[in-house]
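Residue numbers for the sequence shown, in this note's numbering: 1338 to 1586. All residues carry an ideal CB built from backbone N, CA and C; glycine is no exception. Note that the coordinates shown come from a computational prediction; the quantities given were computed from them, not determined experimentally.
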Amino acid sequence: MAWYVDTHCHLDLFPGIQQRVAEQDAAPIKTISVTNAPVLWRPNQQLFRSCRNIRLALGLHPELAGQRSNEVALFEALSTETKYIGEIGLDGTTTNQWERDTQLRVLRGAAAALRASPAKILTVHSRRAAAETIQELAIGLADTPHQVILHWYSGNLTELRRAVELGFYFSVNHTMLASKSAAALLKAIPRSRLLTETDAPFTFSAAVPDRLTSLRATVKMLSQQWAMGEQECLSLVWDNFSELLRATQ
């Protein structure tokens, strides 16, 4: 059976999530729910402790690096408790050099914390900082078994090809695929390296009010781009996710 795959969402930010955990876990979706700071790990761990289809990722979001840089040591301590890491990375939307320097220090600290650990799956933020993020991961994770997913990739084709050479995966959502640059990016991403995400709840709208609707829309858009049936497209993404899991066993 091919499941829908959501490799990047923020379930802990859903309104009323305390009463909706069972509902989210019962959806036909294999899920990686990211966290934005190490201090949120324990509350999330408690919230999703009984889930079968939701896995929790340990993160330190780059947009929070300036406020949370003192949690790198906590990130390192907690990283032994999970196979999934995210959301981490760099964000180039800020023009504040101190914030950018702090983001870089935090990412390097996270990479250093993971160097000697068993294989993990990382979902990585690289908005307006693709080249630098890819380079930092290439150096910081060199010769490790970790698998990287570039979440909502928005860099150029040169940077994308470098990430492909490094064996990175790419996760896409329905909002991303509606952009003008989506077709060119999809042509450059090997189909074997393509995964789906929702980045929910940030991509929700009146037309797309839940994760299943989002993922169905994404699969439909991919199937149109690739000129294949939706079920075949769904199976392809599921096979890619299954391969990712095997690579980190």
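Reducing DSSP to helix, strand and coil, say where residue i ends up.
| i | result |
| --- | --- |
| Q1484 | strand |
| K1367 | strand |
| L1384 | helix |
| L1532 | strand |
| I1422 | strand |
| I1391 | strand |
| K1517 | coil |
Specify, as a first and last residue, the run of the alpha helix (DSSP H) that residue i falls within.
| i | result |
| --- | --- |
| V1409 | 1409-1415 |
| S1508 | Where S1508 is concerned, there is no enclosing alpha helix (DSSP H), although the beta strand (DSSP E) it sits in stretches over 1506-1509. |
| V1342 | Note, V1342: premise wrong, no alpha helix (DSSP H); beta strand (DSSP E) at 1341-1346. |
| L1494 | 1494-1502 |
| R1452 | Segment: none, R1452 is in no alpha helix (DSSP H) and carries neither H nor E. |
What first and last residue would you give for the beta strand (DSSP E) that runs through residue i?
| i | result |
| --- | --- |
| G1403 | From DSSP, G1403 is part of no beta strand (DSSP E) but of the alpha helix (DSSP H) over 1402-1405. |
| V1461 | 1458-1462 |
To the nearest angstrom, how far is it from the Cα of residue i to the Cα of residue j?
| i | j | result |
| --- | --- | --- |
| R1442 | V1376 | 18 Å |
| Q1484 | S1560 | 25 Å |
| A1525 | K1457 | 25 Å |
| Q1562 | A1515 | 11 Å |
| S1518 | A1410 | 38 Å |
| R1437 | Q1568 | 42 Å |
| V1342 | A1521 | 23 Å |
| G1566 | M1558 | 11 Å |
| I1476 | Q1355 | 39 Å |
| D1362 | V1545 | 19 Å |
| L1415 | L1395 | 8 Å |
Around the C-beta of residue i, are 16 or more other C-beta atoms found within 10 angstroms, so that it is buried, or is it exposed?
| i | result |
| --- | --- |
| L1573 | buried |
| M1338 | exposed |
| W1435 | exposed |
| A1554 | buried |
| N1373 | buried |
| G1426 | buried |
| D1536 | buried |
### Query
Unbroken alpha helix (DSSP H) runs of length 4 or more, entirely within the stretch 1536-1584: which are they?
1548-1563, 1567-1584
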